[in-house]
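Chains as they are written, first to last, in the numbering used here: chain F, 1 to 290; chain Y, 1001 to 1260.
Dropping the structure here:
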């Protein structure tokens, strides 16, 4: 049963050094505020899972939170490289980073398999790709009925999944709308889960004419903690609340390129920052509210 | 700059022309996104665009910076989850064209978007596969758009992220794949198509003002030319105007102010 609490309390209770952690949100609803709390609490040796590491994992990797990364596309979307991820892989700074690399299709199937309590996923993939040569966790099996070769990867079963969502109700149910990504699968695949949300509404979702009947609602009993963090997905976006801060994604390139400049940015905006600052950042960002 | 348009504009226009009204196209960010939306805004208004973030039949008025900008969802007919996108729509065989690019391409149109240098100790760590690996085998056919440069058009890939026609051009058939794979490569110098027998990329047309020599110099293998190499039709007034309007709207929408 989810409990409405503070960000510091939720992260301290659910995320421990050494855990396997997924912070999901496909470009949309990326849980930046929660990731920053992990950095502030100096949680270490994490295995981080995310299809698109994005700026959030660049920040967490550069801050020394991660031992291993499981991912399928590690760039700054539309801009270029993730320089902290590259520095860790190419030069071991601030510490070496083990990588387990997949394709998007594999990760999506692996989360779905995790949600369904399957040991592994089967799909038509990885044909002819060198990824199967460098990642021992990619295997091929034969369909027992047709003999067709199928790719297989282990299911993703995070210790903790963290998402950002539009709304929770007072009963602790969570609503996700727009580009819904893999959040439902990532939450259901995890042993523990928490959500930061843009707002908490008083009446239960099923008592109001609010969300459409097929909007993604995660029942309160699929998560442990809910935290009210308006703007908590900035510089990504929250459909219906604020737009993606594309200018920040562009500006991040220069910040992350340089170790000292990166460290100063983390010190100023994360170590000495907090969840309360996200509302202003998100709503001050250029672009119309969505 | 020749004749009032740039080589990059010629490339985008030539790529856009390959798309038709009956296509359902899986769109990548960057050059493919510009080409696909240009096609939709000019000769192929019924072209259906699908982005891997789950947006189906999206009609963005500006080009998205990322694969999941809000613009894509707001203008889409429907938006599905990412597992559904890869399972039912891509793997389900419902996408006719996949548009890809990469850091390196070889003569059989295999692509590298993973590393430059050895995988375990890369000189440059690139973003990786994203959707490309399965787009390449599950879409009915593949178009590739890339800037022509000897560091990109290489004799041997550092890493084969994405299957084109394989190491010898015969791998797709040997694997029993029924999709066509790459059928067209568009660059800022020329268009290339695979030889029907060997599958080796062959220059089909040169963009106006481009010489054989320029293409040879920009290609890291001894590139073949078709028996009759055509000249790509230059961008029309409508194509250029539409592309420039799109790029201008996009620049305005994304803004340029630093957000530190």
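Glycine included, C-beta positions come from ideal geometry on N, C-alpha and C.
**Message:** Can you tell me whether residue 1156 of chain Y is buried or exposed? The criterion is at least 16 other CB atoms within 10 Å of its CB, across all chains shown.
**Reply:** What you label residue 1156 of chain Y is simply residue 156 of the second chain in a count that begins at 1. Per the 10 Å Cβ criterion, exposed.
**Prompt:** With burial defined as no fewer than 16 other Cβ atoms inside 10 Å of the residue's Cβ, what is the status of residue 121 of chain F: buried or exposed?
**Reply:** Counting from one through the first chain, the residue named residue 121 of chain F turns up at place 121. Its Cβ being crowded by 16 or more others within 10 Å, residue 121 of chain F is buried.
**Asked** Taking the alpha carbon of residue 1017 of chain Y as the point to measure from, which residue in Y:1108, Y:1178, Y:1240 has its own alpha carbon closest?
**Response** If you number the second chain from 1, residue 1017 of chain Y lands on position 17. Among Y:1108, Y:1178, Y:1240, the Cα nearest to that of residue 1017 of chain Y belongs to Y:1240.
**Request:** Can you have a look at residue 1267 of chain Y and say buried or exposed, based on whether 16 or more other CB atoms are within 10 angstroms of its CB?
**Result:** With chain Y covering only 1001 through 1260, there is no way to say anything about residue 1267 of chain Y.
**Message:** At a CB distance below 7 Å, what residues from the segment 1143–1161 of chain Y approach chain F? Give them in sequence order.
**Reply:** Listed by position, the residues of the segment 1143–1161 of chain Y near chain F (Cβ gap below 7 Å) are 1159, 1160, 1161.
**Prompt:** What is the DSSP secondary structure of residue 1250 of chain Y, reduced to helix, strand or coil?
**Reply:** Counting from one through the second chain, the residue named residue 1250 of chain Y turns up at place 250. Residue state, collapsed to three classes: helix.
**Request:** Could I get the ranges of all uninterrupted alpha helix (DSSP H) runs contained in the segment 180–250 of chain F, with 4 residues as the minimum, in chain order?
**Result:** The qualifying runs are 183–189.
**Burial state of residue 1168 of chain Y (16 or more Cβ within 10 Å)** = Taking the second chain and counting its residues from 1, the one referred to as residue 1168 of chain Y is at position 168. With fewer than 16 Cβ atoms within 10 Å of its Cβ, residue 1168 of chain Y is classed as exposed.
**Asked** By the 10 Å Cβ neighbour count, where 16 or more other Cβ atoms means buried, how is residue 1259 of chain Y classified, buried or exposed?
**Response** In the second chain, residue 1259 of chain Y corresponds to position 259, counting from 1. Below a pLDDT of 50, predicted positions are generally treated as unreliable, and residue 1259 of chain Y, at 31, falls in that range; the measurement from the model is reported next regardless. Here residue 1259 of chain Y is buried. Its C-beta has 16 or more other C-beta atoms within 10 Å.
**Request:** Could you name the residues of the segment 137–153 of chain F whose beta carbon sits closer than 7 Å to any beta carbon of chain Y, in the order they occur along the chain?
**Result:** Against chain Y - using a Cβ distance shorter than 7 Å - the segment 137–153 of chain F contributes no residues.
**Prompt:** So residue 79 of chain F and residue 249 of chain F are in contact, right, with Cβ under 8 Å, and what is the actual spacing, rounded?
**Reply:** As a first step, residue 79 of chain F is located in the first chain; it is residue number 79 there, counting from the start. As a first step, residue 249 of chain F is located in the first chain; it is residue number 249 there, counting from the start. Contact flag correct, Cβ pair sits at about 6 Å.
**Message:** Within the continuous alpha helix (DSSP H) that includes residue 1010 of chain Y, where are the two ends?
**Reply:** Within the second chain, residue 1010 of chain Y is the residue found at index 10, counting from 1. From DSSP, the alpha helix (DSSP H) with residue 1010 of chain Y extends over 1007–1017.
**Request:** For the beta strand (DSSP E) holding residue 263 of chain F, just list the boundary residues, first then last.
**Result:** What you label residue 263 of chain F is simply residue 263 of the first chain in a count that begins at 1. For residue 263 of chain F, no beta strand (DSSP E) run applies; the uninterrupted alpha helix (DSSP H) run containing it begins and ends at 259–266, by DSSP.
**Asked** Taking a cut of 7 Å between CB atoms, which residues from the segment 120–135 of chain F lie near chain Y?
**Response** For the segment 120–135 of chain F, which is checked against every Cβ of chain Y, the residues closer than 7 Å are 123, 124, 125, 126, 127, 128, 129, 130, 131, 134.
**Message:** Applying the 10 Å Cβ sphere with the 16-neighbour rule, what's the burial state of residue 87 of chain F?
**Reply:** For the purposes of this step, residue 87 of chain F is identified with residue 87 of the first chain, where counting begins at 1. With 16 or more other Cβ atoms inside 10 Å of its own Cβ, residue 87 of chain F counts as buried.
**Request:** Determine the burial state of residue 82 of chain F: buried for a count of at least 16 other Cβ atoms within 10 Å of its Cβ, exposed for fewer.
**Result:** Taking the first residue of the first chain as 1, we reach residue 82 of chain F at position 82. Result: buried.
**Message:** Against chain Y, does residue 180 of chain F count as a neighbour if the rule is that its beta carbon must be under 9 Å from one of theirs?
**Reply:** To locate residue 180 of chain F, count along the first chain from 1; it is residue 180. By this cut-off, residue 180 of chain F is an interface position.
**Chain-ordered chain Y contacts of residue 50 of chain F [CB-CB under 9 Å]** = Within the first chain, the letter at position 50 stands for residue 50 of chain F. Going along chain Y, no residue has its Cβ under 9 Å from residue 50 of chain F, so there is no contact; the nearest lies around 12 Å.
**Asked** Given that a residue counts as buried once 16 or more other Cβ atoms are within 10 Å of its Cβ, and exposed if not, what is residue 72 of chain F?
**Response** To locate residue 72 of chain F, count along the first chain from 1; it is residue 72. With 16 or more Cβ atoms within 10 Å of its Cβ, residue 72 of chain F is classed as buried.
**Request:** Starting from the beta carbon of residue 47 of chain F, find every residue of chain Y whose beta carbon is closer than 9 Å, and list them in chain order.
**Result:** Your numbering for residue 47 of chain F matches position 47 in the first chain. In chain order: nothing, as chain Y lies at least about 17 Å away.
**Request:** Could you check what DSSP says for residue 166 of chain F in three-state terms: helix, strand or coil?
**Result:** Reading the first chain from its first residue, position 166 is the one you call residue 166 of chain F. In the three-state scheme derived from DSSP, where H, G and I count as helix and E and B as strand, residue 166 of chain F is classed as strand.
**Prompt:** Taking the C-alpha atoms as reference points, what is the distance between residue 1040 of chain Y and residue 1225 of chain Y?
**Reply:** Counting from one through the second chain, the residue named residue 1040 of chain Y turns up at place 40. Counting from one through the second chain, the residue named residue 1225 of chain Y turns up at place 225. Distance from the CA of residue 1040 of chain Y to the CA of residue 1225 of chain Y, rounded to the nearest whole angstrom, comes to 31 Å.
**Message:** Run through chain Y and tell me which residues come within less than 8 Å of residue 249 of chain F, C-beta to C-beta.
**Reply:** In the first chain, residue 249 of chain F corresponds to position 249, counting from 1. Correct list: 1065, 1066.
**Prompt:** What's the call for residue 1077 of chain Y, buried or exposed, on a 16-neighbour Cβ count within 10 Å?
**Reply:** Taking the second chain and counting its residues from 1, one reaches residue 1077 of chain Y at position 77. Looking at its Cβ environment, which holds fewer than 16 other Cβ atoms inside 10 Å, residue 1077 of chain Y is exposed.
**Message:** Looking only at its chain, what residues have a beta carbon closer than 7 Å to the beta carbon of residue 38 of chain F, apart from the 5 residues adjacent to it on each side?
**Reply:** Position 38 of the first chain holds residue 38 of chain F. So the list reads 11, 15, 60, 65, once near-sequence residues are dropped.
**Item:** Beta-carbon separation (whole angstroms), residue 1215 of chain Y vs residue 1189 of chain Y, contact threshold 8 Å
**Value:** Counted from its first residue, the second chain places residue 1215 of chain Y at position 215. Counted from its first residue, the second chain places residue 1189 of chain Y at position 189. Correct: roughly 5 Å between the Cβ atoms.
**Prompt:** Taking Cβ positions only, does residue 272 of chain F come closer than 9 Å to chain Y?
**Reply:** Your numbering for residue 272 of chain F matches position 272 in the first chain. It does not: the Cβ of residue 272 of chain F has no partner Cβ on chain Y nearer than 9 Å.
**Request:** Report the partner residues of residue 1277 of chain Y according to the DSSP bridge assignment.
**Result:** Because chain Y is modelled from 1001 through 1260, residue 1277 of chain Y falls outside the range shown and cannot be assessed.
**Prompt:** Are the Cβ atoms of residue 1125 of chain Y and residue 85 of chain F separated by less than 9 Å?
**Reply:** On the second chain, residue 1125 of chain Y is found 125 positions in, with the first residue counted as 1. On the first chain, residue 85 of chain F is found 85 positions in, with the first residue counted as 1. Cβ distance < 9 Å, so residue 1125 of chain Y and residue 85 of chain F count as in contact.
**Message:** So residue 184 of chain F contacts chain Y; which residues on that side make the cut at Cβ distance below 8 Å?
**Reply:** Position 184 of the first chain holds residue 184 of chain F. Under the 8 Å cutoff, chain Y gives 1081.
**Asked** If you drop the 5 nearest sequence neighbours on each side, which residues of the same chain put their C-beta closer than 8 Å to that of residue 1050 of chain Y?
**Response** Here residue 1050 of chain Y refers to the residue found at position 50 of the second chain. Around residue 1050 of chain Y: 1024, 1025, 1026, 1027, 1056, 1057, 1058, 1085, 1089, 1095.
**Request:** Going by DSSP, name the residue or residues bridged to residue 142 of chain F.
**Result:** As a first step, residue 142 of chain F is located in the first chain; it is residue number 142 there, counting from the start. Residue 142 of chain F pairs with F:149.
**Asked** For residue 110 of chain F, which option in F:189, F:280, F:220 has the closest C-alpha, if you only look at C-alpha atoms?
**Response** Residue 110 of chain F sits at position 110 when you count from the first residue of the first chain. Of F:189, F:280, F:220, the smallest CA-CA separation from residue 110 of chain F is found for F:189.
**Message:** Given the structure, does residue 1005 of chain Y come close to the ligand GTP, in the sense that its CB is under 8 Å from one of the ligand's heavy atoms?
**Reply:** This structure lacks the ligand GTP; in fact it carries no ligand of any kind.
**Request:** With 8 Å as the limit, tell me which residues of the segment 1006–1032 of chain Y have their beta carbon closer than that to any beta carbon of chain F; keep them in chain order.
**Result:** For the segment 1006–1032 of chain Y, which is checked against every Cβ of chain F, the residues closer than 8 Å are 1029, 1030.
**Request:** Return the chain-ordered list of same chain residues with a C-beta closer than 7 Å to the C-beta of residue 40 of chain F, the five sequence neighbours on each side being excluded.
**Result:** Counting from one through the first chain, the residue named residue 40 of chain F turns up at place 40. Result list for residue 40 of chain F: 270, 271, in chain order.
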